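J.:
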Ligand SMILES: Nc1ncnc2c1ncn2[C@@H]1O[C@H](COP(=O)(O)OP(=O)(O)OP(=O)(O)O)[C@@H](O)[C@H]1O
């Protein structure tokens with residue numbers, strides 16, 4: 004796998020001259036999972052889009068760098084909040100769309116294994132409209148995990164899943180993305196405390212680094228320190244909202 008860089012973002016962002024966040028300093032550690040939380044509308048998805056160089060509603064004023072000095076967007080894979088599945092393609096064709104768009108021969112064996120791991124083998128010929136919301140999200144996850152990129156940006160990738168499937172998909176993503184530089188946007192303190200090597204809370208005034216349990220992710224769902232940590236994080240988020 005190519006080098007998974009550390010990424011740093013410093014700066015402020017405004018929409019129509021109104022600040023959304025100011026003085027943000029976010030370090031996304033090399034080869035680790037950084038979980039980004041914060042209240043709805045504070046700008047988490049915007050940060051992902053800034054990192055990817057995608058269009059946003061406002062203007063970012065600051066710096067975005069990788070520790071190896073190379074461009075970031077072209078070696079990143081991205082799972083957006085909406086599944087972005089192409090409605091005229093089957094689930095399997097959607098999962099290999101990245102290779103097809105690059106004019107490469109898709110690795111169908113790998114795709115089938117990924118579809119099996121997300122539990123959708125029985126549905127691989129179906130079009131997106133024949134899938135439930137949670138199934139579509141798992142298809143989008145499989146499509147993202149197919150891409151062997153060193154940088155991975157995930158925007159609430161497990162939000163539509165039932166609790167059991169969510170825990171399974173978290174474990175799968177952690178296994179497949181081991182060693183990559185991952186930024187995960189989530190509203191779920193339990194998810195952040197289970198998966199995060201680092202946790203950051205975005206506020207209008209900047210980033211608050213949140214202490215993580217001493218154990219290494221993926222943490223057990225019943226690990227006492229993880230449970231204490233997620234309870235403290237939930238209390239903080241509730242008080243801050
Ligand atoms: N196309 C747009 N035009 C105008 N404002 C926008 C547009 N897209 C986003 N915004 C504004 O930018 C702000 C940040 O949006 P963003 O989606 O980054 O928030 P978020 O923290 O990811 O929210 P959520 O947790 O609800 O997904 C919001 O206040 C939103 O109203």
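Residue numbers (this note's numbering): 4 to 244.
The C-beta atom is built at its ideal place from N, Cα and C for all residues, glycine as well.
What you are looking at is a predicted structure, and each value in this text was computed from that prediction instead of being measured.
1. The alpha helix (DSSP H) with residue 233 in it runs from where to where?
2. Which runs of the alpha helix (DSSP H) at least 4 residues long sit entirely within the segment 179-231? Give them in chain order.
3. Hey, how far is the Cα of residue 46 from the Cα of residue 135?
4. Count the C-beta pairs between the segment 19-26 and the segment 67-85 that are closer than 8 Å, then say yes if the count reaches three, no if not.
5. Identify which residue in 238, 121, 57 has its Cα closest to the Cα of residue 175.
6. With contact counted as at least three CB pairs below 8 Å, one residue from each stretch, are the segment 200-219 and the segment 30-44 in contact?
7. What residues come near ligand 1, if near means a beta carbon less than 6 Å from any of its heavy atoms?
8. Name the two residues that bound the continuous alpha helix (DSSP H) containing residue 53.
9. If you measure between the beta carbons of residue 131 and residue 160, is that distance less than 7 Å?
10. Buried or exposed, going by whether 16 or more other CB atoms sit within 10 Å of the CB of residue 183?
11. Is the beta carbon of residue 98 closer than 7 Å to that of residue 145?
12. Do you know offhand how far residue 200's Cα is from residue 6's?
13. How would you label residue 111, buried or exposed, when you count the other beta carbons within 10 angstroms and need 16 or more for buried?
14. Need the endpoints of the alpha helix (DSSP H) that residue 145 sits in, please.
15. Across which residues does DSSP place residue 13 in a beta bridge pair?
16. Of all Cβ atoms in chain C, is any one closer than 7 Å to the Cβ of residue 64?
17. What residue range does the alpha helix (DSSP H) around residue 110 cover?
18. On a Cα-Cα basis, can you pick out the residue from 11, 18, 17 that is closest to residue 28?
19. Assuming contact is defined by CB atoms lying nearer than 7 Å, are residue 193 and residue 233 in contact in what I supplied?
20. On the DSSP bridge list, what partners appear for residue 158?
21. Select from 108, 154, 88 the residue whose C-alpha is nearest the C-alpha of residue 81.
22. Whole angstroms are fine: how far does the CA of residue 239 sit from the CA of residue 96?
23. Note down the Cα distance separating residue 56 from residue 64, rounded to an integer number of angstroms.
24. Mind checking which residues open and close the alpha helix (DSSP H) that includes residue 102?
T.: With the structure as the only source:
1. 227-243
2. 192-198
3. 28 Å
4. Touching, no, given that fewer than three Cβ pairs across the two stretches are closer than 8 Å.
5. Of 238, 121, 57, the residue nearest in Cα terms is 121.
6. yes
7. 18, 23, 41, 43, 44, 45, 46, 47, 48, 49, 60
8. 47-55
9. no
10. buried
11. yes
12. 18 Å
13. exposed
14. 136-149
15. 28, 66
16. In the structure shown, chain C cannot be found, because there is only a single protein chain.
17. Counting along the chain, residue 110 falls outside any alpha helix (DSSP H), and DSSP gives it neither H nor E.
18. 11
19. yes
20. 188
21. Minimum Cα distance to residue 81 is reached at 154.
22. 43 Å
23. 13 Å
24. 100-104
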